[in-house]
Amino acid sequence: MSDKLFIFDTTLRDGEQVPGCQLNTVEKIQVAKALEELGVDIIEAGFPVSSPGDFKSVVEISRAVTWPTICALTRAVENDIKVAAEALQYAKHKRIHTGIGTSDSHIKYKFNSTREEIIERAVAAVKYAKKYVEDVQFYAEDAGRTDNEYLARVVEAVVKAGATVINIPDTTGYCLPEEFGQKIRFLKENVRGIDNVVIATHCHNDLGMATANTISGILNGARQAEVTINGIGERAGNTSLEEVAMIFKSHREKNIETNINTQKIYGISRMVSSLMNMPVQPNKAIVGRNAFAHSSGIHQDGVLKNRESYEIIDPKDVGIDENSIVLTARSGRAALKHRLHILGVDLDKEKLDKAYEDFLKLADRKKDINDDDVLMLVGKHRSENAR
Ligand code: KIV
Ligand code: ZN
56 MSDKLFIFDT
66 TLRDGEQVPG
76 CQLNTVEKIQ
86 VAKALEELGV
96 DIIEAGFPVS
106 SPGDFKSVVE
116 ISRAVTWPTI
126 CALTRAVEND
136 IKVAAEALQY
146 AKHKRIHTGI
156 GTSDSHIKYK
166 FNSTREEIIE
176 RAVAAVKYAK
186 KYVEDVQFYA
196 EDAGRTDNEY
206 LARVVEAVVK
216 AGATVINIPD
226 TTGYCLPEEF
236 GQKIRFLKEN
246 VRGIDNVVIA
256 THCHNDLGMA
266 TANTISGILN
276 GARQAEVTIN
286 GIGERAGNTS
296 LEEVAMIFKS
306 HREKNIETNI
316 NTQKIYGISR
326 MVSSLMNMPV
336 QPNKAIVGRN
346 AFAHSSGIHQ
356 DGVLKNRESY
366 EIIDPKDVGI
376 DENSIVLTAR
386 SGRAALKHRL
396 HILGVDLDKE
406 KLDKAYEDFL
416 KLADRKKDIN
426 DDDVLMLVGK
436 HRSENAR
């Protein structure tokens, strides 16, 4: 039997914090509806106390989207929590996400406080949030750099205070995958009451390890992944939803299942990229322009014989019609023949050899060979043959 992994999407909160990515309420509703169709379990819709616009967006998303839980972020501050509860008033399923920094660096420099006082503030915030909603998620900001023994004390205290989900963020993207996995395991093994709550991972990508850390956390007992579309988020971004969903779809032996309708992935990736004016890097896993593009002759030949030679995911599974065989100076005859066939031109071996020679000359000069170029090449050979 598979275990369910809850997908918590924070595109509209952590993702939207990125400079230049701000959306208006109508655009946020559009993304929230697409997230609902995609099958995410929880949508973090915003940080209501941060601005009137964010407050309004959480209200309107709560009205427009009914299947997922709508979550609002707060600091461990009573007024933040009160405002978040107000913003969530129309949500069918609602969650308040409150928390505080727990690393020594946050305690000393951000709060000028002590470890004991931070536990008191964390507990007070959870108890206050419980007055408004049943579902209270607690985040231990900078948990990645928080000493495990102390983190376990914080977590035990907030679980006792009524938290239903415990979020362990690697806020600065510092942890190594093994270390992050051990952190989750340590909490599973050392916190009283931990089996009654869900542990969440929230990883940042400063060292390019957000997805690896998330997967390690899940394999060690976390059951909620906090993610964004295209991995957008503060600085180098957050863990990308599409990577986590496709990793567990590809590795069925891990017996972890999500509710994500993966065929909707590409559509929402394009939508978020264009609404936020944030291009996706071409070599981005799953949704990048080159994720299913084959350009070298050896790979093209292999894929044309059997897709699985060089593809571990069927592009249709993520909503892309088909892979692409890109024509470059590294392409072989098989790729040219394939493209010509798609364009309705079948050449015998001799003509293909000649066309291929010309094609290589052109490809050395011109990086992008498009269908017009190819047709122009064979047009030449056809007319030569006609003479
Ligand atoms: O990265 C982080 O620690 C956060 C928290 C507010 C959950 O985004
Ligand atoms: Zn974050």
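Under my numbering, read the sequence shown as residues 56 to 442, first letter to last.
For every residue, glycine included, the Cβ atom is placed at its ideal position computed from N, Cα and C.
If I'm right that residue i touches residue j with Cβ under 8 Å, what's the distance once you round it to whole angstroms?
| i | j | result |
| --- | --- | --- |
| residue 124 | residue 150 | 5 Å |
| residue 256 | residue 269 | 5 Å |
| residue 284 | residue 252 | With a Cβ gap of about 26 Å, residue 284 and residue 252 do not count as contacting. |
| residue 152 | residue 177 | Actually they are not in contact, since the Cβ atoms of residue 152 and residue 177 sit about 13 Å apart, beyond 8 Å. |
| residue 289 | residue 72 | 6 Å |
| residue 50 | residue 432 | A question about residue 50 goes unanswered here, because the residues of the chain that appear run from 56 up to 442. |
| residue 108 | residue 67 | The pair is not a contact, with the Cβ atoms about 12 Å apart (cut-off 8 Å). |
| residue 302 | residue 94 | With 8 Å as the limit, residue 302 and residue 94 do not qualify as a contact, their Cβ atoms being about 16 Å apart. |
| residue 156 | residue 165 | 5 Å |
| residue 241 | residue 207 | 7 Å |
| residue 133 | residue 161 | Going by Cβ atoms, the distance from residue 133 to residue 161 rounds to 20 Å, so no, they are not a contact pair. |
Quick check: residue i and residue j, are their CB atoms within less than 7 Å of each other?
| i | j | result |
| --- | --- | --- |
| residue 227 | residue 202 | no |
| residue 135 | residue 181 | no |
| residue 198 | residue 224 | yes |
| residue 383 | residue 418 | yes |
| residue 392 | residue 415 | no |
| residue 239 | residue 275 | yes |
| residue 375 | residue 333 | no |
| residue 138 | residue 174 | no |
| residue 99 | residue 330 | no |
| residue 279 | residue 63 | yes |
| residue 366 | residue 340 | no |
| residue 277 | residue 311 | no |
| residue 142 | residue 188 | no |
| residue 386 | residue 352 | yes |
| residue 348 | residue 324 | no |
| residue 218 | residue 193 | yes |
| residue 116 | residue 87 | yes |
| residue 170 | residue 145 | no |
| residue 364 | residue 358 | yes |
| residue 321 | residue 373 | yes |
| residue 97 | residue 119 | no |
| residue 111 | residue 80 | yes |
| residue 356 | residue 389 | yes |
Mapping DSSP to helix, strand and coil, what is residue i?
| i | result |
| --- | --- |
| residue 427 | helix |
| residue 216 | coil |
| residue 224 | strand |
| residue 432 | helix |
| residue 57 | coil |
| residue 101 | strand |
| residue 369 | coil |
| residue 128 | strand |
| residue 384 | coil |
| residue 63 | strand |
| residue 136 | helix |
| residue 106 | coil |
| residue 121 | coil |
| residue 253 | strand |
| residue 72 | helix |
| residue 116 | helix |
Verify the CB distance criterion: does residue i have a CB-CB separation below 7 Å to chain D?
| i | result |
| --- | --- |
| residue 165 | Given the protein chain composition of this structure (a single chain), no chain D is represented. |
When you measure from the CB of residue i to every non-hydrogen atom of ligand 4, does any distance come out below 6 Å?
| i | result |
| --- | --- |
| residue 190 | Looking for ligand 4 in the displayed structure turns up nothing; the ligands present are ligand 1 and ligand 2. |
(request) Enumerate, from N- to C-terminal direction, the unbroken alpha helix (DSSP H) stretches of 4 or more residues contained entirely within the stretch 297 to 360. (result) 320 to 330 and 352 to 360
(request) List in chain order: all unbroken beta strand (DSSP E) runs of 3+ residues lying wholly within the stretch 140 to 205. (result) 149 to 156 and 191 to 196
(request) List in chain order: all unbroken alpha helix (DSSP H) runs of 4+ residues lying wholly within the stretch 266 to 293. (result) The qualifying runs do not exist here; there are none.
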